[in-house]
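Take a look at the structure below.
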């Protein structure tokens, strides 16, 4: 059983918000968690259907940390806890799901817990950057943390998730009714393997939200930290071979699983097209049209978005499409639709677990005979989860079109040429604003956007009309 103790001293080290959580009625606290984690080996082949199984091999000690973002008033807590497998592709812990969904988590009273699950986040030695792990940046605070390697990460995620229940009740006075696991990008790849091979043994989480997974799950013995050090001179064939795959979520998953994918994730370097599957009793797949693996909301707006920014401020932040340091890069994707769809996704998964109401189904992206996106006359992908940014466009948003190992994750933004804009909106700005509003209403009715976000979305759309 994992042992939990409070982390005393300064604020936790985590790139999550650039504003004071206290101003929105939340608090950030940190705990250290220690125990002995199990390493597994596969007892089945890694078949595309995801019907995998494992058996314990050995155990090793670990000491990690968790960061809790919770309502300061326990009466505001809604009983749901989102536990995120923090992403370490950058060489340090990144709470990608928190950054996409925090506005909804805060206003709904949902507690969020981020776990440093992987070795890179604690000790370093991999990722895009170096020297930014917990022990490297703050040895006095985090020098006692230790990690036996990512083969043990799956059980660390189980043990810490189980320990969270007691911590939130005993230390924070929060009643916990549902625990949802979440992870993005590399973390979603680990969770693919976790759902398929480990979850039926652990039985810790009540549902799973995966954002931006690749076609392959991570091997049960994890990845060597050095293998995720991405550089532009990496052999792209090796990267694709590592990420591409046909690893579906098993049809008999123990609990509900919702997967949210961008165009980059399906057609780009994460190559998940081969892992596409039909919806089922405990599975939903949302492919978000016009979305990229990373966008300007995530890079520029999310850390500052406390829910009290003016629409003009938000619009200014997401309009920053330049890619610092990138040579010959196109303007990156500036559509915030993934943020808003992810807010609806966590709400939908919560309802699915809470009362059995499944999320709505969604069309898959349309593909051409070569397996690439089938696009309309403007260049916008057909099918997928539709939002006003693609159904009432003033620019073409895509998850594709960039080069470079990191740049290719950023997608592109291409404003409509004046002639195309006039043809699409012959009535000018007035017709466009009405069309954007109607498309927002339709997306809410379809269950892919939250009604709570509709006014802000419509206002952002109105500001997107190009200046004369």
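In the working numbering, the protein residues as written are -10 to 457. The C-beta atom is built at its ideal place from N, Cα and C for all residues, glycine as well.
Looking only at DSSP bridge pairs, what is residue i linked to?
| i | result |
| --- | --- |
| residue 57 | 18 and 102 |
| residue 533 | Nothing can be reported for residue 533, as the shown portion of the chain is limited to -10 through 457. |
| residue 310 | In DSSP, residue 310 forms no bridge with anything. |
| residue 28 | 47 |
| residue 83 | 76 |
| residue 167 | 69 |
| residue 259 | According to DSSP, residue 259 bridges with nothing at all. |
| residue 416 | Residue 416 is not bridged to any residue. |
| residue 372 | 354 |
| residue 474 | Because the chain in this structure spans residues -10 to 457, residue 474 falls outside the shown range and cannot be described. |
| residue 249 | 200 and 275 |
| residue 362 | 356 |
| residue 269 | 272 |
How big is the Cα-Cα spacing for residue i and residue j?
| i | j | result |
| --- | --- | --- |
| residue 67 | residue 158 | 13 angstroms |
| residue 128 | residue 76 | 21 angstroms |
| residue 114 | residue 80 | 8 angstroms |
| residue 17 | residue 100 | 10 angstroms |
| residue 97 | residue 54 | 25 angstroms |
| residue 261 | residue 185 | 16 angstroms |
| residue 118 | residue 78 | 9 angstroms |
| residue 155 | residue 438 | 33 angstroms |
| residue 276 | residue 389 | 14 angstroms |
| residue 218 | residue 313 | At residue 218, the pLDDT of 49 sits below 50, so the modelled position is not reliable; the number obtained from the coordinates is stated separately. Their Cα atoms are separated by approximately 20 angstroms. |
| residue 32 | residue 263 | 24 angstroms |
| residue 242 | residue 361 | 29 angstroms |
| residue 126 | residue 370 | 43 angstroms |
| residue 384 | residue 271 | 36 angstroms |
| residue 35 | residue 415 | 54 angstroms |
| residue 43 | residue 30 | 5 angstroms |
| residue 6 | residue 207 | 29 angstroms |
| residue 166 | residue 70 | 8 angstroms |
| residue 14 | residue 357 | 48 angstroms |
| residue 22 | residue -9 | 6 angstroms |
| residue 493 | residue 197 | Within the shown structure, residues of the chain are numbered from -10 to 457, placing residue 493 beyond reach of any answer. |
| residue 221 | residue 65 | At residue 221, the pLDDT of 48 sits below 50, so the modelled position is not reliable; the number obtained from the coordinates is stated separately. Approximately 46 angstroms, taken between the alpha carbons. |
| residue 124 | residue 133 | 8 angstroms |
| residue 248 | residue 329 | 15 angstroms |
| residue 187 | residue 211 | 13 angstroms |
| residue 421 | residue 238 | 40 angstroms |
| residue 130 | residue -2 | 8 angstroms |
| residue 373 | residue 363 | 11 angstroms |
| residue 85 | residue 339 | 18 angstroms |
| residue 444 | residue 451 | 11 angstroms |
| residue 163 | residue 58 | 12 angstroms |
| residue 300 | residue 449 | 6 angstroms |
Terminal residues of the continuous alpha helix (DSSP H) containing residue i?
| i | result |
| --- | --- |
| residue 146 | 142 to 161 |
| residue 449 | 443 to 452 |
| residue 253 | 252 to 256 |
| residue 273 | Looking at the DSSP string, residue 273 is not in any alpha helix (DSSP H); the run it does join, the beta strand (DSSP E), is 272 to 276. |
| residue 35 | That residue, residue 35, is in no alpha helix (DSSP H); it is neither H nor E in DSSP. |
| residue 412 | 407 to 413 |
| residue 188 | 188 to 191 |
| residue 378 | 377 to 380 |
| residue 328 | 326 to 344 |
| residue 112 | 108 to 112 |
| residue 124 | 123 to 126 |
How close, in whole Å, do the beta carbons of residue i and residue j come, if the pair is a contact with beta carbons under 8 angstroms?
| i | j | result |
| --- | --- | --- |
| residue 51 | residue 136 | 6 angstroms |
| residue 104 | residue 73 | 7 angstroms |
| residue 27 | residue 48 | 5 angstroms |
| residue 258 | residue 280 | Actually they do not touch by this definition, with Cβ atoms about 15 angstroms apart. |
| residue 161 | residue 63 | 7 angstroms |
| residue 291 | residue 88 | 4 angstroms |
| residue 209 | residue 182 | 6 angstroms |
| residue 284 | residue 327 | 6 angstroms |
| residue 459 | residue 386 | Shown here, the chain extends from -10 to 457; a query on residue 459 therefore has no answer. |
| residue 306 | residue 282 | Their Cβ separation, rounded to whole angstroms, is 19 angstroms, which puts residue 306 and residue 282 out of contact at 8 angstroms. |
The beta strand (DSSP E) with residue i in it runs from where to where?
| i | result |
| --- | --- |
| residue -8 | -8 to -5 |
| residue 384 | 384 to 387 |
| residue 403 | 401 to 404 |
Are the C-beta atoms of residue i and some chain D residue less than 8 angstroms apart?
| i | result |
| --- | --- |
| residue 189 | Although the question refers to chain D, the structure presented lacks it and comprises just one protein chain. |
> Are at least three pairs of beta-carbons, each pair with one atom in the segment 176 to 194 and one in the segment 136 to 146, less than 8 angstroms apart?
Replying inline: yes
> Quick one: any contact between the segment 371 to 385 and the segment 422 to 440, if contact means 3 or more CB pairs under 8 angstroms?
Replying inline: yes
> If we count Cβ pairs, one from each stretch, closer than 8 angstroms, do we get three or more for the segment 336 to 356 versus the segment 393 to 406?
Replying inline: no
>> Contact between the segment 163 to 181 and the segment 197 to 208 is defined here as three or more beta-carbon pairs at a separation below 8 angstroms; is this criterion met?
In response: yes
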